[in-house]
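Novice: Dropping the structure in here first, questions after.
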Amino acid sequence: MLALKGIPVSDGAAIAKAYCLVEPDLSYSKIMIQNDDAEILRLNAAIEHTQNEIEHIQAAATKKYGEDKGAIFGAHLLVLQDPELFVGVAQKIQSGMNAEHALDETAQFFIQMFEGMDNDYMKERAEDIRDVSKRVMAHLLGVELPDYSRIKEAVIIVAKDLTPSMTTQLDPTFVKGFITDIGGKTSHTAILARTMGIPAIVGAKSATMDIKHGEDLIMDGATGEIFIQPNHEQIVQYKKVEEENKQFQQQLAKYSELQSVSKDGYFVELAGNIGKPEDVASVLAVGGEGVGLFRTEFLYMDRLDLPSEEEQFTAYKEVLQALNGKPVVVRTLDIGGDKNLPYLNLPQEMNPFLGYRAIRLCLDRQELFRVQLRALLRASVYGNLKIMFPMIATLEEFRIAKEILFEEKEKLLVEGISVSEEIEIGLMIEIPSAAMIADLFAKEADFLSIGTNDLIQYTLAVDRMNENVSYLYQPYHPAILRLIKMIIDAGHAQGKWVGMCGEMAGDSIAVPILLALGLDEFSMSASSILNVRSQLATLSKEQLVPHIQNLLQLSTAQQVELAVKDILK
Ligand code: PEP
Ligand code: MG
26 MLALKGIPVS
36 DGAAIAKAYC
46 LVEPDLSYSK
56 IMIQNDDAEI
66 LRLNAAIEHT
76 QNEIEHIQAA
86 ATKKYGEDKG
96 AIFGAHLLVL
106 QDPELFVGVA
116 QKIQSGMNAE
126 HALDETAQFF
136 IQMFEGMDND
146 YMKERAEDIR
156 DVSKRVMAHL
166 LGVELPDYSR
176 IKEAVIIVAK
186 DLTPSMTTQL
196 DPTFVKGFIT
206 DIGGKTSHTA
216 ILARTMGIPA
226 IVGAKSATMD
236 IKHGEDLIMD
246 GATGEIFIQP
256 NHEQIVQYKK
266 VEEENKQFQQ
276 QLAKYSELQS
286 VSKDGYFVEL
296 AGNIGKPEDV
306 ASVLAVGGEG
316 VGLFRTEFLY
326 MDRLDLPSEE
336 EQFTAYKEVL
346 QALNGKPVVV
356 RTLDIGGDKN
366 LPYLNLPQEM
376 NPFLGYRAIR
386 LCLDRQELFR
396 VQLRALLRAS
406 VYGNLKIMFP
416 MIATLEEFRI
426 AKEILFEEKE
436 KLLVEGISVS
446 EEIEIGLMIE
456 IPSAAMIADL
466 FAKEADFLSI
476 GTNDLIQYTL
486 AVDRMNENVS
496 YLYQPYHPAI
506 LRLIKMIIDA
516 GHAQGKWVGM
526 CGEMAGDSIA
536 VPILLALGLD
546 EFSMSASSIL
556 NVRSQLATLS
566 KEQLVPHIQN
576 LLQLSTAQQV
586 ELAVKDILK
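For what it's worth, my numbering labels the leading residue of the sequence shown as 26, then goes sequentially.
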């Protein structure tokens, strides 16, 4: 009953068996063989198993995404049937190599050949060969490749890392929580766990080393504690925590019917952050007053190609209609950083969070940006749509993005398609350069939304994904508080509303400060809304405001935290 500790990122406790998603060891020995017929039979058996496996995946993909998407796995089946590849392997076996060695050498030869070609289609073939030969190798070695689509019992996933796209594929019916070796509090994987309402612990460093597949685990997503093969006492303790969590949730439930108002009668908007239309239900269930951030990139993930204009239109319309006139702030595609779209074949970068992402990619690849904007404009007549652009660093970017939006609007009007005249256009303030000139943006935007997840990362030069520097990820750092004040004041000076859609908006130490600073809209994971609404009911804005000057003069994040706790006593 070893205990581990990681960074708690999504509340709740879970007990289940560990499902370790570790990269399997596919190393092999190079052996000279005597009986090549027997070796070729072994190879053929591995190919047959691989064929069955790919057909199974193809059937599942066809069911989930439709015929044409399932057919993409046909490319993998073609690789398996490619005479050049497998005749090459057989010839090497006949010359005395064992099947693993022959497969690896032949596959590497073709992978390098295709990767070296100046043609995207051919480069993709290299990926197909890599994938297929890995599967054949696993069968030769008798090693099982992880496949969470086959999970059919309650488990806690243990992985080195989980990408956001892998996370969206987890089925909460069976996946009761997850633990990763690396990651930070505001990595998108952590944010997704909160959206899905499952406990999560990241940055547990040695979890994949210490936890074995199938071992019993208890995890507490509020404290970051993990117990491996728990004893009786720990199980009793877990049940107590679970009961307390349940009671707390029951007490909060009454706030789903109430308005978001402070003790002294000051109203704010508490909105939800979503990634897909399905997430709207949990925002409405807690009485969310809108959607403050629709991370549209999730519509582009967990699929094999770009979503069409029609598919996007349907998704945006569904969300707008479900919100029934309440505001919906849709953020245009923010891909890059920790969110990748393999089918875009984006270049590997040294510093992906500082690189080719979000609005930078959209202004460069306008063909895909314009499709999204058209879909949004068409959907605008179904509700209260607001559009915002992510990762804006300069005024020019904002102006160009707006211009493209207006061009698409004009085109639609010429085509006789209606577009709402009420759409507000804003931007995320998540880069320090934009924060510093928030006054200039406020003149040209209808609203500003503060993205603290990135603003903290860029202001403190601290990678939001890196558990080794997570101590520097400080929302209450005086520099962050001063920037937030500047942004809110700049917006208000131009009569514009200012929201916050970073995780800080749902943080119980930050909420009193943000209330006192006059933030208009707080947008967060649906699972945080009731907590914040119940906290607001205990706070008096009028009593908090006089403390702001003092809080902004403090020197460290720790001092700020202690001071706020003191004020709230
Ligand atoms: C942010 O940066 O605060 C934000 C809300 O965007 P994301 O977390 O998707 O980068
Ligand atoms: Mg961001």
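No residue lacks a Cβ here, since even glycine has one placed at the ideal position from N, Cα and C.
1. Among all the DSSP beta bridges, which residues are the ones paired with Pro197?
2. Roughly how many angstroms lie between the CA atoms of Tyr53 and Ala124, to the nearest whole one?
3. Excluding the 5 residues flanking Lys117 on each side, which residues of the same chain have their C-beta closer than 7 Å to its C-beta?
4. According to the Cβ coordinates, are Phe199 and Val180 closer than 8 Å?
5. CB Thr211 to CB Asn478, shorter than 8 Å?
6. Is His213 near the ligand PEP, judged by its Cβ being under 7 Å from some heavy atom?
7. Hey, is the segment 467-478 in contact with the segment 510-527, meaning 3+ C-beta pairs nearer than 8 Å?
8. Confirm, please, whether the CB-CB distance from Ala43 to Val161 is below 8 Å.
9. Touching or not, the segment 549-562 and the segment 527-539, by the rule of three or more beta carbon pairs under 8 Å?
10. Exposed or buried, Arg399, counting other C-beta atoms within 10 Å across all chains shown (16 or more means buried)?
11. Which runs of the beta strand (DSSP E) spanning at least 3 residues fall entirely within the segment 223-308, listed in chain order?
12. Please classify Pro255 as buried or exposed, where buried requires at least 16 neighbouring CB atoms within 10 angstroms.
13. Does DSSP classify Glu92 as helix, strand or coil?
14. What would DSSP say about Met326, mapped onto helix, strand or coil?
15. Straight-line CA distance for Leu508 to Ala460?
16. I believe Asp153 touches Ala100 by the beta-carbon criterion, under 8 Å. Please report the beta-carbon distance rounded to the nearest angstrom.
17. For a test of the three-state rule: what should DSSP assign to Gly317, helix, strand or coil?
18. On the criterion of 16 or more Cβ atoms from any shown chain inside 10 Å, does Leu379 qualify as buried, or is it exposed?
19. Could you compute how far the alpha carbon of Thr321 sits from the alpha carbon of Ile412?
20. Pick out whichever of Ile223, Lys594, Leu420, Asn69 has its Cα sitting closest to the Cα of Ile40.
21. For Gly361, list the residues DSSP reports as bridge partners.
22. With DSSP as the reference, identify every bridge partner of Thr205, one or two as the case may be.
23. With DSSP run on the structure shown, which of helix, strand or coil describes Pro33?
24. With contact counted as at least three CB pairs below 8 Å, one residue from each stretch, are the segment 383-392 and the segment 412-426 in contact?
25. Quick check: the Cα distance between Glu64 and Thr233, rounded to an integer number of angstroms?
26. Less than 7 Å between the CB of Glu455 and some heavy atom of the ligand MG, yes or no?
27. Specify, as a first and last residue, the run of the alpha helix (DSSP H) that Ile442 falls within.
28. Tell me whether Thr477 counts as near the ligand PEP, meaning its Cβ is closer than 7 Å to at least one heavy atom of that ligand.
29. Do the CB positions of Ile450 and Leu430 come within less than 8 Å of each other?
Specialist: Straight from the coordinates:
1. For this step, residue 197 is matched to residue 172 along the sequence shown. Answer is none; Pro197 lacks a bridge partner.
2. Numbered from its first residue, the sequence shown carries residue 53 at position 28. Numbered from its first residue, the sequence shown carries residue 124 at position 99. Roughly 10 Å between the two C-alpha positions.
3. Your numbering for residue 117 matches position 92 in the sequence shown. Excluding five sequence positions before and after Lys117, the CB atoms of its chain that fall closer than 7 Å to its own CB belong to Ala127, Glu130, Thr131, given in chain order.
4. For the purposes of this step, residue 199 is taken as residue 174 along the sequence shown, with counting starting at 1. For the purposes of this step, residue 180 is taken as residue 155 along the sequence shown, with counting starting at 1. Result yes, Cβ atoms of Phe199 and Val180 sit closer than 8 Å.
5. Position 186 of the sequence shown, counting from 1, holds the residue named residue 211. Position 453 of the sequence shown, counting from 1, holds the residue named residue 478. Result yes, Cβ atoms of Thr211 and Asn478 sit closer than 8 Å.
6. Reading the sequence shown from its first residue, position 188 is the one you call residue 213. For His213, the shortest C-beta to heavy atom distance toward the ligand PEP is below 7 Å.
7. Yes, since at least three Cβ pairs between the segment 467-478 and the segment 510-527 fall closer than 8 Å, the two stretches touch.
8. In the sequence shown, counting from the first residue as 1, residue 161 sits at position 136. In the sequence shown, counting from the first residue as 1, residue 43 sits at position 18. Against a cut-off of 8 Å, the Cβ pair of Ala43 and Val161 comes out as no contact.
9. Two segments are said to touch when three or more pairs of C-beta atoms, one from each, lie closer than 8 Å; by this definition the segment 549-562 touches the segment 527-539.
10. As a first step, residue 399 is located in the sequence shown; it is residue number 374 there, counting from the start. Result: buried.
11. Counting only runs of 3 or more, we get 225-227, 241-245, 250-253, 294-299.
12. The residue given as residue 255 occupies position 230 in the sequence shown. Buried, since its Cβ has 16 or more Cβ neighbours within 10 Å.
13. Sequence index remark: in the sequence shown, residue 92 carries index 67 (1-based). If DSSP states are grouped into helix, strand and coil, Glu92 belongs with the helices.
14. Walking along the sequence shown from the start, residue 326 turns up at place 301. In the three-state scheme derived from DSSP, where H, G and I count as helix and E and B as strand, Met326 is classed as coil.
15. Residue numbering aside, residue 508 sits at position 483 when the sequence shown is read from its first letter. Residue numbering aside, residue 460 sits at position 435 when the sequence shown is read from its first letter. So the two alpha carbons sit approximately 6 Å from each other.
16. If you number the sequence shown from 1, residue 153 lands on position 128. If you number the sequence shown from 1, residue 100 lands on position 75. With a contact defined as Cβ atoms closer than 8 Å, Asp153 and Ala100 qualify at about 5 Å.
17. On the sequence shown, residue 317 is found 292 positions in, with the first residue counted as 1. Gly317: strand per DSSP, three-state reduction.
18. Here residue 379 corresponds to residue number 354 of the sequence shown, with the count starting at 1. Exposure of Leu379 is indicated by the presence of fewer than 16 other C-beta atoms within 10 angstroms of its C-beta.
19. If you number the sequence shown from 1, residue 321 lands on position 296. If you number the sequence shown from 1, residue 412 lands on position 387. In a straight line, the C-alpha of Thr321 is about 11 Å away from that of Ile412.
20. For the purposes of this step, residue 40 is identified with residue 15 of the sequence shown, where counting begins at 1. It is Ile223.
21. For this step, residue 361 is matched to residue 336 along the sequence shown. In the DSSP output, where bridge partners are listed per residue, Gly361 has Lys364.
22. Along the sequence shown, one-based indexing puts residue 205 at 180. In the DSSP output, where bridge partners are listed per residue, Thr205 has Ala184.
23. Residue mapping note: residue 33 aligns to position 8 of the sequence shown, counting from 1. Looking at Pro33 - three-state DSSP - the assignment turns out to be strand.
24. Touching, yes, given that three or more Cβ pairs across the two stretches are closer than 8 Å.
25. Translated into positions along the sequence shown, residue 64 becomes position 39. Translated into positions along the sequence shown, residue 233 becomes position 208. For Glu64 and Thr233, the gap between their C-alpha atoms comes out near 34 Å.
26. Here residue 455 refers to the residue found at position 430 of the sequence shown. It does: the Cβ of Glu455 is within 7 Å (strictly closer) of some heavy atom of the ligand MG.
27. Numbered from 1 along the sequence shown, position 417 holds the residue referred to as residue 442. It is not in any alpha helix (DSSP H) - Ile442 carries neither H nor E in the DSSP assignment.
28. Residue mapping note: residue 477 aligns to position 452 of the sequence shown, counting from 1. Yes - the ligand PEP has a heavy atom lying nearer than 7 Å to the Cβ of Thr477.
29. Here residue 450 is taken as the residue at index 425 of the sequence shown, counted from 1. Here residue 430 is taken as the residue at index 405 of the sequence shown, counted from 1. Yes, Cβ-Cβ distance for Ile450 and Leu430 is below 8 Å.
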